[in-house]
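Each remark here refers to the structure printed beneath this line.
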Amino acid sequence: MKIRFSLNGSTTQVEVPADRRVVDLIREDLGLTGTKEGCGAGECGACTILVDGESRLSCLMLAAQLQGCSITTIEGLAPPEDGSLHAVQEAFIEHGAVQCGFCTPGMVLAAIDLLKRNPDPDREEIRRGLSGNLCRCTGYVKIVGAVAAAAAPGRNPEAPREKKESL
Amino acid sequence: MNQVLLPGSLAELWQALDIHPEASVYAGGTDLLVQIRNGLRHPTSLICLDRLEELKGISRQENGTIRIGSCTAHTRILVDPLAQKGLPVLVRAIEGLGSPPIRNMGTIGGNICTASPAADTLPPLYVLDAEVELRREHGVRRLPVRDFIVGPGITLLQKGEILSAVWIRQPVEYHAHHFEKVGLRNALACSVASLAALLRVSDDGIIEKATLAWGSVAPTVFTCPEAEQILIGAPLSLEKLRQAAAIVRRDVSPITDLRATAEYRRVVSGNLLLRLAQWRTNPAAGA
Amino acid sequence: MRREIPEVGHSVPRFDAQAKVTGVEKYAIDHYLENLLWAGAKRAGIPHGRIRGIDTSAAAALPGVVAVLTAKHVPGTNRQGIVHKDQPVLADEQVRHRGDPVALVLAENREVLKEAVRLIQVDLEPLPAVFDPEEALQPEAPLLHERGNLLLQATIKKGGGAEALAECDVVVEGEFRVPFQEHAFLETENGVAWQEADGRITLIASTQAPFRDRFEIGHALGLDPASLRVISPYLGGGFGGKDGATVQCLLALAALHAEGRPVKMWWEREESFLAGYKRHAARMIYRLGATADGTLQALHCRLYYDTGAYAHLGGEVMELGMEHAAGPYRVPHTLIEGWCVYTNNPIGGAMRGFGVCQAAFAVERMMDRLAAKLSLDPLALRLKNGLERGDKNGAGVTMVHSTGLMPCLETLRRHPLWTEREAWKQAAGLFKRRGVGLAAVWNAMGYGRGLPDSAIARVELTQEGKIRVFNGVSDMGQGNAAAFMQMAGEILCQEASRLELIQPDTDRTHPSGSSSAGRTTYTYGNALIQACRELKQKLLHRSTLLLMLDEERGLVLLPGRVKHLPTGREVTLEVLGRLFPESDRVCISQFVMPVAQDGLDTGKEFFIGFPHVFFSYAAHLACVEVDELTGKSDVKHYLAVTEGGRVINPQCFEQQVEGAVAQGLGYALSEQLLLRDGEVLNPNFTTYLLPTSMDLPDIAVLAVETIEPTGPFGMKGIGEVGVNASLPAVANAVRDAFGHGPSRSPLTVEHLLALLGEPSRQEVGPETTGKNDSD
């Protein structure tokens, strides 16, 4: 099946079986190994990509579903010619949010989705926003700090904030 | 598996269903693709409803009823002001469903049709007395959700039919919209017991109306008119709640599985009622 | 604040972070080569059986299948293992656990591979199976191995041993059980291998021990280890589960039959649960005695470790648990008995906390039990008995190196979470119970005795004038690569942009032991420091030649150059790199970790390991709230105070502690392998529950800095100690909240609800009253 979609800003066309998992299409057919697979069942978030700006689990998507969509993988965040990094990526490096790094691409994209919906989250909202991405190395503490810092550069991520009213 | 069809309109959908009556239909895929991975389903063709915009969205109808398209993703319901204001018990349940990407992909229609005894949206939909809209090429029908689901994973959806919408009358006569889910962790957790409750409590603390529904303690959502009757007309007190809890524990039919024993579910199904005591002091308090 | 020169002692952002955050870093799992074949194993599916026959014909006939191999295709001994070589690469006569591999398929793609594996028919005669270590020790138990079911039985005795309990004013008893835990690294076991034209086999594998892998593969397959090249990229997590061959022997075997094509093997998550190594399940029986004033006197404990079907590092895991069984305390008389037993359960192997995690639960619960019985504050009891430098530990080893437990406890004592605990507990809301619990823990560093804890560091000035470090130890996320860059940068005074690191590669870097035992930064770091100092001396001398100086005095290394301060003249590293041959631009140095010098007349049964002499220490505090209606627990606050000598990089230090605490909290609250007849009932992340970001608190991390003079820049490894404290701290918090505490883990909602419903037994008096005293 011919599938045409936008990948990291460029139009891409592939010919693959319609039921090929998107995570396999990205990693094997397109050679973009930044997107990882940790469980294949939607429970770990390592395969997170952005589809039309929203975080989705590529291990639970089939190639046919990409038709006409715009997808962003971790490689698509920092344009190669620019050399600079996305604010979330910078914050992850600066605040020690990367250990083994295997969860990191998915976590970064999940954080970007979160910040798009909620540009100024408190720590609890950040934890909720990242609750679909498992990390086995960090205990999440510095990841939360990095996302808080990315949301408000200059503000101390460790400082307690006023808790927001819940719905 | 061969085909994955993405109809762009209802007309294309009926055509696809006609040509592939055996196809498995999905929207977000968060249940179906996991079932396929676990070897529980082996479809030879799939039909994905994701492109059917006419099946998405939340709108208020003329009589104040809220209509939610079946392929509306959970996230969309969460952020919708209509749902937040009008259906807080449903919104609270969806907050605890899966995880953010799962909520971006999964739909309310999928949650209903999978009809897991532990589904998060079902207890709220039962207390809201929601109706499902079932559409086929040449016809529409509506059923109360509690009649639509007849067993664990079993619905009255017929061949050639899709779940197209959920209709919910806003529960304006209630002011306590309560939902609690017990999971073994705080996200990505299948419920081991849950309670949705709508209460109307008078100024002097008398329960005027009570509608209750439990998840994960029976083959389908469990309701208990006898427990409701004990509460209605009585003061909202721990003592009354305990009385009602005893009835609930007597009548639930939970199973033992990997997550919890039947005994635990039985005990907790009653305990969850006690949490309603918090509505005594602060009717506006959330769960 | 980012510094140009990555100085030791500062929170320099990690060297490897950028490549990982951009998705550019390639893990073993990210290698897809041209003309790739896929390999996968057919596994036993029953816990114990005799192989009557294997029919591979249907699989072999499937289009796209290149080879189907069984035991008869395995050259060499067909036995892998780290210490004891008891594990078949492909099962020959007997299968001993459900994950035992019986056949290996090579296929063109994963779909064909799956189908071919499915088509293999294995004719197995089921044998009676055993799933409990104590049952497996019975004479009538089914026999798993020719040597019997007992892998190792050992005793540690100090002073008067168990007899001294009779002299105690107070004795408390307890029996504890902990389940198998899964490493659950996000990158599962995997690798890719190919055979070159000259017959050498190259493997890129997610492995913690690339150098030892060659010997394990060589022994198993009858190959010369020198003919094997193992490359170890950054791992997507290891935690001990990738120490020892996982895919390596199967992959090398596949490569022998692939006619030069590269072969990839990737264990999907369910296969990782089935076939990967686990933390040992254990049962521990304790009797702990003290004088009335709370001075510990005697300990008698029996520890049963379930090592599953094969040894892996079972004996060594138990050894370490036994060394730590008395806790970080002065106990004059101990009798510590251990049995490490084969069962038809999944394989127990190395996992962070390596035997200590289990024993720490038991001894820390016993300390709280003792404190309750003596009406002593639990912290006061620990302060009274905590080890200090010069004391002998429970195994009889003298603590001659840095021993920082007491400052950890003192720091905890002054912390508001401890000082304000009563008020915090009183503030519990409706249907909530709050408790505060603590745990004092320790963890040895290094291999101990019996084998060299050694590393060889190579550092080079490249032709381009860069400093290249040849790392000998795998980086599985603990950040040792970053630490090495900091050390090299500090000594050679070079900026991060001038530093390069080659990850372990048996052809290019040098044998430096496994990435395990909290040893990598210490042992390799010490070797690296020497090598860097030599390189510095070399560069200064060579500069005198280029600058026509009659002495080295006045020469300093600065970023990018060597400068003669009195004259201001310089020579760049690029020039030095160009003008001298490669053999003159390399420094190689080695280091061996010192070993205990105590001559002990106990622990004779241990093969290797006993005893250790370097330990790091920690004191943890957990503030836990439990819901009375559901049993759901919420760790509201958590404090970890850790002593690991000097802190090389505070951010990395915190990372390690936070991650260890998190794994420990998973072990405490929700993680367990659910087993029935040796079958893992929860072999996926839907039913094996790791903590999500919503399940863990903000963990407060404090470092108590001492100096470990033998350590590189004064540090000791702290990678493991943190994981040992979470379960006992939370369990003790539950005891504080309920009046009695748990004796088994995990503390699931159901477990806590049941515990809540149990009445507290009354204190009877100083005599022992049976298996589990109140509390």
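Residue numbers (the numbering used here), protein chains in the order written: chain G, 231 to 397; chain X, 1330 to 1616; chain B, 15 to 789.
No residue lacks a Cβ here, since even glycine has one placed at the ideal position from N, Cα and C.
Exposed unless 16 or more other CB atoms sit within 10 angstroms - verdict on residue i
{"i": "Glu305 of chain G", "result": "buried"}
{"i": "Ile1437 of chain X", "result": "buried"}
{"i": "Phe229 of chain B", "result": "exposed"}
{"i": "Lys618 of chain B", "result": "exposed"}
{"i": "Ile96 of chain B", "result": "buried"}
{"i": "Met562 of chain B", "result": "exposed"}
{"i": "Ile1348 of chain X", "result": "exposed"}
{"i": "Gly736 of chain B", "result": "buried"}
{"i": "Gly784 of chain B", "result": "Any answer about Gly784 of chain B is weak, because its pLDDT of 39 lies below 50 and its placement is not dependable; what the coordinates show is given next. Classification of Gly784 of chain B: exposed, given that the 10 Å Cβ count is below 16."}
Simplified DSSP state of residue i, which is helix, strand or coil
{"i": "Thr783 of chain B", "result": "With a pLDDT of only 36 at Thr783 of chain B, under the threshold of 50, the placement of this residue in the model should not be trusted, and no figure is reported."}
{"i": "Lys171 of chain B", "result": "strand"}
{"i": "Glu392 of chain G", "result": "In this prediction, Glu392 of chain G has a pLDDT of 44, which is less than 50 and means its spatial position is unreliable; nothing more can be read from the coordinates."}
{"i": "Met607 of chain B", "result": "coil"}
{"i": "Phe628 of chain B", "result": "coil"}
{"i": "Leu280 of chain G", "result": "strand"}
{"i": "Arg226 of chain B", "result": "helix"}
{"i": "Glu210 of chain B", "result": "coil"}
Selection from the options that minimises the alpha carbon distance to residue i
{"i": "Gly1357 of chain X", "options": "X:Arg1380, X:Leu1527, X:Arg1366 and X:Cys1553", "result": "X:Arg1380"}
{"i": "Ala381 of chain G", "options": "G:Met291, G:Cys330, G:Lys346 and G:Arg366", "result": "G:Lys346"}
{"i": "Leu249 of chain B", "options": "B:Gln551, B:Gly532, B:Asp489 and B:Met607", "result": "B:Asp489"}
{"i": "Asp1449 of chain X", "options": "X:Gly1435, X:Trp1343 and X:Thr1585", "result": "X:Gly1435"}
{"i": "Asn696 of chain B", "options": "B:Asp641, B:Asp183, B:Glu284 and B:His87", "result": "B:Glu284"}
{"i": "Leu360 of chain G", "options": "G:Leu339, G:Asp350, G:Ser240 and G:Ala379", "result": "G:Leu339"}
{"i": "Leu1407 of chain X", "options": "X:Pro1429, X:Leu1602 and X:Arg1389", "result": "X:Pro1429"}
{"i": "Glu1537 of chain X", "options": "X:Ala1494, X:Gln1558, X:Gly1599 and X:Thr1552", "result": "X:Gln1558"}
{"i": "Arg403 of chain B", "options": "B:Ala268, B:Val261 and B:Phe628", "result": "B:Phe628"}
{"i": "Arg379 of chain B", "options": "B:Ser389, B:Ser757 and B:Ala53", "result": "B:Ser757"}
{"i": "Arg191 of chain B", "options": "B:Leu741, B:Leu770, B:Leu165 and B:Leu349", "result": "B:Leu741"}
{"i": "Thr1552 of chain X", "options": "X:Arg1465, X:Val1581, X:Val1530 and X:Cys1442", "result": "X:Val1581"}
{"i": "Val1546 of chain X", "options": "X:Val1474, X:Arg1514 and X:Pro1452", "result": "X:Pro1452"}
{"i": "Glu160 of chain B", "options": "B:Gln108, B:Leu120 and B:Val88", "result": "B:Gln108"}
Nearest-angstrom Cα separation, counted from residue j out to residue i
{"i": "Tyr356 of chain B", "j": "Phe375 of chain B", "result": "23 Å"}
{"i": "Thr1359 of chain X", "j": "Val35 of chain B", "result": "27 Å"}
{"i": "Pro1548 of chain X", "j": "Ala1589 of chain X", "result": "15 Å"}
{"i": "Phe194 of chain B", "j": "Asp712 of chain B", "result": "27 Å"}
{"i": "Gly308 of chain B", "j": "His415 of chain B", "result": "26 Å"}
{"i": "Ala294 of chain G", "j": "Ala339 of chain B", "result": "57 Å"}
{"i": "Arg366 of chain B", "j": "Ala531 of chain B", "result": "8 Å"}
{"i": "Ser647 of chain B", "j": "Glu639 of chain B", "result": "6 Å"}
{"i": "Asn738 of chain B", "j": "Leu689 of chain B", "result": "23 Å"}
{"i": "Val1354 of chain X", "j": "Leu1375 of chain X", "result": "6 Å"}
{"i": "Ile1535 of chain X", "j": "Val763 of chain B", "result": "33 Å"}
{"i": "Trp1608 of chain X", "j": "Pro773 of chain B", "result": "30 Å"}
{"i": "Glu18 of chain B", "j": "Gln32 of chain B", "result": "16 Å"}
Residue i at chain B interface by Cβ criterion, 7 Å
{"i": "Ala1589 of chain X", "result": "yes"}
{"i": "Gly326 of chain G", "result": "yes"}
{"i": "Leu1567 of chain X", "result": "no"}
{"i": "Cys199 of chain G", "result": "Beyond the ends of chain G as shown, which are 231 and 397, falls residue 199 of chain G; an answer cannot be given."}
{"i": "Leu1602 of chain X", "result": "no"}
{"i": "Cys277 of chain G", "result": "no"}
Any C-beta of chain X under 7 Å from that of residue i
{"i": "Leu688 of chain B", "result": "yes"}
{"i": "Thr720 of chain B", "result": "no"}
Cβ of residue i within 7 Å of any chain G Cβ
{"i": "Ala31 of chain B", "result": "yes"}
{"i": "Val1363 of chain X", "result": "yes"}
{"i": "Phe199 of chain B", "result": "yes"}
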